[in-house]
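Enquirer: For the sequence shown, our numbering gives the first residue as -2, with consecutive numbering after it. First the structure, which I've put down as structure tokens, then a few questions once you've had a look.
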Amino acid sequence: MSSYFIGIDGGGTKTLARLEDANGALATAKSGASSLTQDLDGAINNITNISRQVLTGTPITPDQVHVVCGVAGAGNPNSAAKLQQALLAQGFRSAQVTSDARTSLVGAGAGTPIVMVAIGTGSVAMQLGRDGKTRQFGGWGLAVGDEGSGAAIGKSVVRALLWELDIYGRAKSPVCEEIMSVVGEERAQILPWLQSAGSREYAALAPTVFKHLPHCALAGEIVRKTAAEVDRLIEAASDGDTLPLALLGGLADKLGPYLHSAHQARQIPALGTALDGACILARQDREHTAASNKTNTIQHDS
């Protein structure tokens, strides 16, 4: 029986799927958001639907297909297991659910050893080691982590504003003067904002910090501090190795020039996307399944 592969990249804004055979892509499909954290049932429906949609118009049946889905929220094992069971219920030959960070990592290096740091609203670093194993660093979320992220920049500038208000009774730095229009000018306005703000609200302040870089010392201080946090993520994920480094996410280009020169020297453009990574993992899953079946057959025959 011929083998086919479906890679799926699920995120907070869209879901992409690609059907491949041994020679490359056969079909693609796109649908709405699929985050296991934001809407588990909706994500499962979206992903199972797109896995069928990408087969539409082909003679390929699910039992010929190995599926790998990289999706936001797969770090929760219960959610990942529910999605995997839903995919297997479609009749696929195999189905694996993993994090979108892992598929991004594998895609960035086209399956070869690499360190990847994703810095956007949140942050996470991962290594695909020379031993073929993946390791994650950071990515713990706004409350205790996400160092080097847009949300971290937003928290830093809000802390600076609160300090300036306490000390001077007003916003003193240009960047804090501007963000007051968002978070408020007085305690009675600011406290409700602080109570409701999440990662997205804090990250939305990051562009204002970069805007003020040329003429605001505080903005420069915050950006350099954030870049130093990214440097620490890189060092942790590198574990003494000098693997190629890929920076991904909306802040990659903005923070890249502020990183340590040794890290800048290691940086390469990503060789592929998270969708590419999912397809690579689907091919590897097929090879692993074939090897396991061969081993089981040999053991049975002996």
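Backbone N, C-alpha and C fix where the C-beta goes; we use that ideal spot for every residue, glycine too. Treat the numbers as computed from the prediction; the structure is a model and nothing was measured.
Please report the residue range of the beta strand (DSSP E) in which Ile57 lies.
Expert: Segment: none, Ile57 is in no beta strand (DSSP E) and carries neither H nor E.
Enquirer: Within the same chain, show all residues whose beta-carbon is closer than 6 Å to that of Leu240, passing over the 5 residues directly before and after it, in chain order.
Expert: Same-chain partners within the cutoff: Pro110, Ile111, Val112.
Enquirer: Give the single residue among Cys66, Asp236, Ser48 whose Cα lies nearest to the Cα of Thr58.
Expert: Among Cys66, Asp236, Ser48, the Cα nearest to that of Thr58 belongs to Ser48.
Enquirer: May I ask which residues mark the beginning and end of the beta strand (DSSP E) holding Val51?
Expert: Element bounds for Val51: n/a, residue is neither H nor E.
Enquirer: 8 Å is my cut-off, CB to CB: does Val121 come that close to chain C?
Expert: Among the protein chains of the structure shown there is no chain C, as only one such chain exists.
Enquirer: Compute the distance between the beta-carbons of Arg280 and Phe89, then report whether it is under 8 Å.
Expert: No, Cβ-Cβ distance for Arg280 and Phe89 is not below 8 Å.
Enquirer: Between Gly72 and Leu188, what straight-line distance do the alpha-carbon atoms span, to the nearest angstrom?
Expert: So the two alpha carbons sit approximately 32 Å from each other.
Enquirer: Please list the terminal residues of the continuous alpha helix (DSSP H) segment that includes Val179.
Expert: Start and end: 171 to 180.
Enquirer: Below 8 Å on the Cβ atoms is my guess for Leu159 versus Ala148; work out the distance and round it to an integer in Å.
Expert: Incorrect: roughly 16 Å between the Cβ atoms, too far for contact.
Enquirer: Can you name the start and end residues of the beta strand (DSSP E) that Ser120 belongs to?
Expert: Ser120 -> beta strand (DSSP E) spans 120 to 125.
Enquirer: How is Lys27 classed by DSSP in three states: helix, strand or coil?
Expert: Note: Lys27 maps to strand in three-state DSSP.
Enquirer: How many Å lie between Ala40 and Ser76 at the Cα?
Expert: C-alpha separation (whole angstroms): 10 Å.
Enquirer: Determine whether the beta carbon atoms of Ala271 and Asp97 lie at a separation below 8 Å.
Expert: Yes, the Cβ-Cβ distance between Ala271 and Asp97 is below 8 Å.
Enquirer: Between His260, Asp250, Gly151, Met123, which lies nearest to Ala194 when the distance is taken from Cα to Cα?
Expert: Among His260, Asp250, Gly151, Met123, the Cα nearest to that of Ala194 is on Gly151.
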